[in-house]
Structures are given as structure tokens and as C-alpha cells.
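Per the working numbering: the sequence shown = residues 109 to 566.
Using N, Cα and C, we set each Cβ at its ideal position, and we do this for glycine too.
Take a look at the structure set out below.
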Amino acid sequence: MNKNIVCIGAGYIGGPTMAVIAKMNPDRKVIVVDINKSRIAAWNSKNYALPIFEPGLVDVVKEVRGKNLFFSTDIKKAVQDCDIIFVGVNTPTKMFGKGAGRASDLQYWEATARNVAKWANGDKIVVEKSTLPVRTAAAMSAILNTHEKYHFEVLSNPEFLAEGTAIKDLLTPDRVLIGGAKTPSGDAAVDELVKVYCGKGGKWVPRERVLTTNVWSAELTKLAANAFLAQRVSSINAIAGLCEATGADVDEVARVIGADRRIGPKFLKAGPGFGGSCFKKDVLNLVYLCETFGLHTAAEYWMGVIKMNDHQQERIVSRLFRAMFNTLANKKIAMFGFAFKADTGDTRETPAGTVARLLNDEHVCLSITDPKAIPNAKKDLEDLLCTPTPPTYTSDPYVAAKDADAILLMTDWSEYPALDWTKLYKSMRKPALVFDTRNCLDADKLRKIGFTVLNIGK
Ligand code: UDX
Ligand code: UDX
109 MNKNIVCIGA
119 GYIGGPTMAV
129 IAKMNPDRKV
139 IVVDINKSRI
149 AAWNSKNYAL
159 PIFEPGLVDV
169 VKEVRGKNLF
179 FSTDIKKAVQ
189 DCDIIFVGVN
199 TPTKMFGKGA
209 GRASDLQYWE
219 ATARNVAKWA
229 NGDKIVVEKS
239 TLPVRTAAAM
249 SAILNTHEKY
259 HFEVLSNPEF
269 LAEGTAIKDL
279 LTPDRVLIGG
289 AKTPSGDAAV
299 DELVKVYCGK
309 GGKWVPRERV
319 LTTNVWSAEL
329 TKLAANAFLA
339 QRVSSINAIA
349 GLCEATGADV
359 DEVARVIGAD
369 RRIGPKFLKA
379 GPGFGGSCFK
389 KDVLNLVYLC
399 ETFGLHTAAE
409 YWMGVIKMND
419 HQQERIVSRL
429 FRAMFNTLAN
439 KKIAMFGFAF
449 KADTGDTRET
459 PAGTVARLLN
469 DEHVCLSITD
479 PKAIPNAKKD
489 LEDLLCTPTP
499 PTYTSDPYVA
509 AKDADAILLM
519 TDWSEYPALD
529 WTKLYKSMRK
539 PALVFDTRNC
549 LDADKLRKIG
559 FTVLNIGK
């Protein structure tokens with residue numbers, strides 16, 4: 109067995125994870141492959157115009173690319189070169205047939221398994237990185253082990269990195285989770301992967317933070333961990349509505365709840381609801397699993413987390429509607445931030461997208477600004493009809509706000525509180541409104557300037 113590693117799928121997970129694996133394992137060759145040629149070209153670009161924005165990523169890629177980290181579209185050759193194969197292809201929510209809108213679409217993932225079996229030239233360890241519903245490793249094992257000559261050991265190694273802090277999360281993870289079969293060959297494969305995460309000379313993840321379980325536990329843990337985090341966000345957003353109705357302040361409530369060490373302070377920030385590629389998809393997967401096993405009450409319980417999230421975005425638009433005299437038609441609204449959170453250009457499942465569509469239904473003239481997400485925003489909203497005008501896009505918040513009736517802050521980019529709000533105010537139509545859905549601006553200061561200010565949960 110050689111030490112080389114290939115990862116199939118050069119996305120938000122595959123790219124950063126392999127860059128850090130290569131950095132911490134200078135004695136291993138790491139190859140990242142993808143069917144998408146332009147994505148690979150971007151990873152290989154001379155000026156490091158990488159396909160994803162992630163703080164600190166460029167520095168790691170500069171350090172290792174061409175030394176022991178390589179990007180390629182030759183999947184077959186890479187599979188033959190490497191005995192450890194990570195699979196990080198996308199598994200979007202299925203939009204057709206059985207389980208539509210809930211289950212994962214596993215077609216790319218199965219096609220990948222079949223190709224690995226077809227091209228293999230020796231025994232391989234196959235590591236699932238994609239989030240998959242429990243018991244799919246068994247399916248992968250079944251497909252792979254139809255092979256007459258070679259043995260494939262399938263491990264589950266879910267990724268817990270969060271976008272925006274991916275490099276930090278990878279370098280100093282709370283825990284690494286490896287699920288493997290409880291057999292001698294399963295144990296041996298787990299040991300091989302533990303070595304990767306401990307890094308050369310044991311300089312990466314401390315051994316006690318590498319947790320090993322059976323395959324099903326590992327797969328379910330990923331879904332459950334994301335469902336618990338999503339549930340906290342929905343819980344605090346449910347309290348936010350009540351705060352608005354009663355005069356309590358959700359940030360104060362959250363601070364005090366979080367001071368209880370049994371609860372802890374994280375993931376208690378009220379806002380426009382959760383976005384990102386994982387939370388909704390993983391909770392829906394959990395709902396589908398519960399339904400499959402006849403656990404209907406549990407399915408409904410988790411579905412509530414999603415319903416609460418959708419409701420939060422509808423509530424934002426209704427409150428804006430009421431505050432702007434019950435008509436939004438032909439008014440200009442500047443949306444500050446489109447990414448699903450700060451420090452990423454990713455817009456998958458972003459609450460800003462849902463809100464933009466609801467505003468378009470009200471015939472708003474929408475002007476969208478974001479430091480990193482404008483290219484993705486344009487793609488996401490390209491089908492929006494021109495009522496009354498198509499959305500406009502700019503990376504300059506001052507341009508977005510000019511002649512606007514309202515600023516709707518959707519993403520907590522650190523540059524927004526630092527803007528010249530007096531200048532913004534002067535350039536807007538009056539009465540000028542700010543709806544800060546992240547509670548990140550100084551509301552008192554804005555009121556002194558002359559703005560009408562709305563917050564979440566206040
Ligand atoms: C994806 C899922 O979105 C996430 O839920 C899962 O946990 C891990 O995989 P991410 O890296 O964010 O995470 O996805 P994405 O950025 O879409 O990257 C997947 C890549 O796989 C794409 O670049 C795609 O071109 C590639 N791919 C897909 C293949 O190389 N082969 C295929 O057959 C299908
Ligand atoms: C998440 C998990 O954190 C990560 O472990 C998993 O592997 C993938 O999914 P990510 O989606 O990148 O990572 O971002 P995260 O920081 O978890 O935020 C998710 C969403 O929740 C964002 O839209 C964020 O704005 C929102 N959020 C988060 C809140 O609204 N309030 C909070 O207190 C925390």
C-alpha cells in the first residue's frame with residue numbers, strides 16, 4: 109500500500125481539506141481531481157485565482173502546490189497512483205422521484221464508486237467525505253467489492269469545517285471522526301487514516317482528538333451534529349419573534365442563556381436564518397431517514413427546524429413591508445451582503461436569495477452589494493424577471509445605497525459597521541430605513557444620523 113492520496117471532487121470540502129493534508133504530510137503526494145475542467149484550471153492558475161474564497165487558503169496552496177499537492181482532471185490516472193481515495197463529490201437534495209425534496213441524490217457518488225472499481229489496480233482504502241445518509245457506505249462497499257481481484261475498505265470521515273474558518277478548523281479541529289468496519293481489515297484501514305491526520309512526525313491532530321466509531325455512527329453523527337447546530341439557530345430565531353412582540357432584546361436573552369455552561373454561548377445569534385450547503389440538506393436527510401424507519405414524530409420534530417428557518421425570511425419581508433407603509437413596489441432597496449455568512453463567497457441556500465425573491469414578488473428595485481459573492485449572486489438570480497427592473501449588482505455599498513429607500517443588511521461582513529453611514533444617509537431617499545438582520549450595526553448611532561432602524565429580536 110502506498111501513501112499517496114487522491115480526492116475526487118475539488119469543491120469547498122475537497123480543495124481546502126487536501127491543501128491542509130498536503131501541508132501537514134509533506135512526505136505524501138496528494139492529488140485533487142474533478143470532472144469540472146474550469147474548476148481545476150482555477151486551482152492551477154498562475155495568479156492563484158482559486159475557485160473558492162476562503163481566508164488563509166491561498167497561502168497554504170502557495171506553500172504546497174507543485175510540491176506535493178496537484179490538481180488534475182485525469183481521474184483514472186490519479187486513482188491508479190493512489191491507494192487512499194477520498195470521495196468529496198456533491199450529494200445535493202434529490203429533486204425527483206422517491207424522496208424528492210428530502211433524500212440525497214446519490215447518482216454522482218455511485219458513478220464515482222463504479223469508476224473507482226473499474227480503474228483500480230490494487231487494494232484501496234475509500235474514504236467518504238461527502239455527507240451521506242446512513243448505511244450508504246454499505247452500498248459503496250457492495251459496488252466496489254464486486255471486484256474479482258482487489259479488496260476495498262470503505263471508511264466514513266465526515267468533515268466538520270465551517271466555511272470562512274475552514275483553514276483554522278482543519279489545522280486545529282475539535283475532533284476528527286473516522287468510522288470503519290469492526291474487522292481486522294477495517295481496523296487496519298482506520299489506522300492508516302489516523303496516520304494521515306496525525307501528520308508527519310505526529311505534528312498535526314493530537315491522537316486523542318481522532319475519534320473512531322463504526323461506519324454507521326460516523327455517518328449519522330455528521331447529520332446529527334449539523335441538525336443540532338441548525339436547531340440552535342432556529343430556536344433562538346423563534347425567541348427573536350417573541351422578543352419583537354414583547355419588548356425583550358434577543359441579544360440580551362442569548363447572552364444570558366449562553367452563560368449557562370450546560371448550554372454554551374455559540375450558535376445563539378439570531379439572524380435571517382441559516383444558509384450554506386449543509387444545514388438544510390442534512391436536516392432534510394435526517395427527516396427522510398426518520399420517515400423511512402417509521403419514526404414520524406421524530407421526522408416532524410426535525411422538519412420544524414426547517415419550517416422555523418423559512419418563516420424567519422418571510423418575517424423579514426413582512427416587517428420591511430409594514431415599516432415601508434405597506435407598499436414596496438418601485439422602491440429601491442439596497443441589499444448589503446448576499447453570501448450565507450461573512451468571509452465566504454458561497455451563496456448556496458443563502459437567506460438573502462430567498463429574501464431577494466420575495467422582494468422581487470413585491471416589485472422592488474433591488475440593488476445587491478457583497479465583497480465576494482456578486483458572481484454567485486448573479487448566477488442564482490439570473491431567472492428573476494425584470495419587475496420593475498432586474499436586480500443590479502455592485503461591490504461598492506455606496507453605489508448600491510444611492511437613492512435607495514432602505515438598506516437591508518443580510519450578511520455580517522466586518523466592513524459594514526465601518527462604513528460612513530452619514531454619507532450613506534445623505535445619498536438616500538427619505539425617510540431612510542436600515543433593517544439590520546444580523547444586529548451588527550450600532551443602532552443608536554444610526555438613529556442619531558436620522559435613519560429609521562429595524563433589528564431582529566428587538
Ligand atoms: C460537497 C457537498 O456539497 C457536501 O454536502 C458534502 O458533505 C461534501 O461534498 P462541496 O465540496 O461543498 O461539498 O461541494 P462542491 O463545491 O459542489 O464540490 C463537489 C465537486 O465534485 C465539484 O467540483 C464537482 O465538479 C465534483 N464532481 C461531482 C466530480 O468530480 N465528479 C462527479 O461525478 C460529480
Ligand atoms: C456548517 C457546520 O458548522 C460545519 O461543522 C459543517 O461541516 C458544515 O455546516 P457552514 O455551513 O460553513 O458550516 O457555516 P456555519 O458557521 O455553521 O453557519 C451556518 C449558518 O448558520 C450561516 O448561515 C450562519 O449565518 C448561521 N448562523 C450561525 C446563525 O444564524 N447564528 C449563529 O449563531 C450561527
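Beta strand (DSSP E) segment containing Cys115, residue limits: Working through the sequence shown from its first residue, we reach residue 115 at position 7. Taken as a continuous stretch (DSSP letters only), the beta strand (DSSP E) holding Cys115 covers 113-116.
What does a CB cutoff of less than 6 Å around Ile459 pick up in its chain, not counting 5 residues either side in sequence? To locate residue 459, count along the sequence shown from 1; it is residue 351. Note that residue 459 is Pro in the sequence shown here, rather than Ile. The answer, listed in chain order, is Pro380, Gly381, Gly383, Gln421.
Which residues share a DSSP beta bridge with Cys473? In the sequence shown, the residue the question calls residue 473 occupies position 365. The partner list for Cys473 (beta bridge, DSSP) reads Lys440.
Can you list, in chain order, the stretches of the beta strand (DSSP E) that have 3 or more residues and sit fully within the stretch 191-239? 192-195, 232-236
Does the distance from the CB of Ala247 to the CB of Ala221 come in under 9 Å? Indexing the sequence shown from 1 puts residue 247 at position 139. Indexing the sequence shown from 1 puts residue 221 at position 113. Yes. Within cutoff.
Please classify Asn484 as buried or exposed, where buried requires at least 16 other C-beta atoms within 10 Å of its C-beta. Looking up residue 484 in the sequence shown gives position 376. Counting Cβ neighbours within 10 Å, Asn484 comes out buried, since at least 16 surround it.
Are the beta-carbon atoms of Leu397 and Lys330 separated by less than 9 Å? As a working mapping, residue 397 is identified with position 289 in the sequence shown. As a working mapping, residue 330 is identified with position 222 in the sequence shown. Not closer than 9 Å, so no.
Check Ile286 in the structure and name its three-state DSSP category. For the purposes of this step, residue 286 is identified with residue 178 of the sequence shown, where counting begins at 1. The answer is strand: DSSP assigns Ile286 an E or B state.
At a cut-off of 8 Å, is Lys330 close to ligand 2 when judged by its beta-carbon and the heavy atoms of the ligand? Translated into the one-based positions of the sequence shown, residue 330 becomes position 222. It does: the Cβ of Lys330 is within 8 Å (strictly closer) of some heavy atom of ligand 2.
Compare the beta carbon distance of Ala526 and Ser475 with 9 Å and say whether it is the shorter of the two. Here residue 526 corresponds to residue number 418 of the sequence shown, with the count starting at 1. Here residue 475 corresponds to residue number 367 of the sequence shown, with the count starting at 1. No.
If you draw a straight line from the alpha carbon of Ile515 to that of Val561, how long is it in whole angstroms? For this step, residue 515 is matched to residue 407 along the sequence shown. For this step, residue 561 is matched to residue 453 along the sequence shown. Using only the alpha carbons, I get a separation of about 10 Å.
Using CA atoms only, rank isn't needed, just tell me which of Met536, Asp520, Lys534 is closest to Arg544. As a first step, residue 544 must be located in the sequence shown, where it is residue number 436. Per the sequence presented here, residue 544 reads as Asp, with Arg not at that position. Minimum Cα distance to Asp544 is reached at Asp520.
With respect to 8 Å, is the separation between the Cβ of Leu337 and the closest non-hydrogen atom of ligand 2 below this value? Working through the sequence shown from its first residue, we reach residue 337 at position 229. Leu337: yes, Cβ under 8 Å from ligand 2.
If we count the other Cβ atoms within 10 Å of its Cβ and call it buried at 16 or more, is Asn393 buried or exposed? In the sequence shown, counting from the first residue as 1, residue 393 sits at position 285. The residue is buried, with at least 16 neighbouring Cβ atoms inside 10 Å.
Give the straight-line distance between the Cα atoms of Lys154 and Ala130, rounded to the nearest whole angstrom. Reading the sequence shown from its first residue, position 46 is the one you call residue 154. Reading the sequence shown from its first residue, position 22 is the one you call residue 130. If you take the alpha carbons of Lys154 and Ala130, they lie about 19 Å apart.
Which value, in whole angstroms, describes the spacing of the CA atoms of Ile160 and Asp451? For the purposes of this step, residue 160 is taken as the residue at position 52 of the sequence shown. For the purposes of this step, residue 451 is taken as the residue at position 343 of the sequence shown. Straight-line Cα distance between these residues: approximately 11 Å.
For the pair the stretch 179-187 and the stretch 363-377, tell me if three or more CB-CB distances fall below 8 Å. no
Determine which residues share a DSSP beta bridge with Tyr258 and list them. For this step, residue 258 is matched to residue 150 along the sequence shown. Its beta-bridge partners do not exist; DSSP assigns none.
Taking the alpha carbon of Asn434 as the reference point, which residue from Met443, Val128, Leu467 has its own alpha carbon closest? Here residue 434 corresponds to residue number 326 of the sequence shown, with the count starting at 1. It is Leu467 whose Cα lies nearest to the Cα of Asn434.
Is the distance from the Cβ of Asp191 to the Cβ of Asn110 below 9 Å? One-based indexing of the sequence shown puts residue 191 at position 83. One-based indexing of the sequence shown puts residue 110 at position 2. Yes, these two residues count as a Cβ contact at 9 Å.
Can you determine whether any heavy atom of ligand 1 sits closer than 8 Å to the C-beta of Lys237, and answer yes or no? For the purposes of this step, residue 237 is identified with residue 129 of the sequence shown, where counting begins at 1. Yes - ligand 1 has a heavy atom lying nearer than 8 Å to the Cβ of Lys237.
Tell me whether Lys389 counts as near ligand 1, meaning its Cβ is closer than 8 Å to at least one heavy atom of that ligand. The count along the sequence shown starts at 1 and reaches residue 389 at position 281. Yes; taking the cut-off as 8 Å, the Cβ of Lys389 has a heavy atom of ligand 1 nearer than that.
With a threshold of 16 other CB atoms inside 10 Å of the CB of Pro281, please say whether the residue is buried or exposed. Taking the sequence shown and counting its residues from 1, the one referred to as residue 281 is at position 173. By the 10 Å Cβ count, Pro281 comes out buried.
Would you say the beta carbon of Asp142 comes nearer than 8 Å to a heavy atom of ligand 1? One-based indexing of the sequence shown puts residue 142 at position 34. Yes, the beta carbon of Asp142 sits closer than 8 Å to at least one heavy atom of ligand 1.
Identify the residues that DSSP records as bridge partners of Val138: which are they? Position 30 of the sequence shown, counting from 1, holds the residue named residue 138. BP columns for Val138 point to Ile113, Leu177.
Take Gly98 as the anchor and find which of Ser212, Tyr533, Tyr501, Val304 has the nearest alpha-carbon. Residue 98 lies beyond the range of the chain shown here (109 to 566); nothing can be said about it.
When DSSP labels each residue in this structure, what does Asn563 get in the three-state scheme? On the sequence shown, position 455 is the one that residue 563 refers to. Correct three-state label for Asn563: strand.
Can you tell me which of Leu517, Asp550, Gly309 puts its alpha carbon nearest to the alpha carbon of Asp135? Looking up residue 135 in the sequence shown gives position 27. Residue Gly309 is the option with its Cα nearest to Asp135.
Among Asn322, Ser293, Ala335, Arg147, whose alpha-carbon lies nearest the alpha-carbon of Phe268? To locate residue 268, count along the sequence shown from 1; it is residue 160. For the residues Asn322, Ser293, Ala335, Arg147, the minimum Cα distance to Phe268 belongs to Ala335.
Can you name, in chain order, every residue of its own chain whose Cβ lies under 6 Å from the Cβ of Val298, other than the five neighbours on each side? The count along the sequence shown starts at 1 and reaches residue 298 at position 190. Excluding sequence neighbours, Val298 sits near Ile286, Gly288, Thr320.
Round the Cβ separation of Val141 and Ala186 to the nearest angstrom and send it over; I've been treating them as touching at under 8 Å. Looking up residue 141 in the sequence shown gives position 33. Looking up residue 186 in the sequence shown gives position 78. With 8 Å as the limit, Val141 and Ala186 qualify as a contact, their Cβ atoms being about 5 Å apart.
For the beta strand (DSSP E) containing Ile160, name the first residue and the last one. Along the sequence shown, one-based indexing puts residue 160 at 52. Run containing Ile160: none; DSSP gives neither H nor E here.
Taking 8 Å as the cut-off, does the CB of Lys415 come closer than this to any heavy atom belonging to ligand 2? On the sequence shown, residue 415 is found 307 positions in, with the first residue counted as 1. False, no ligand heavy atom lies under 8 Å from that Cβ.
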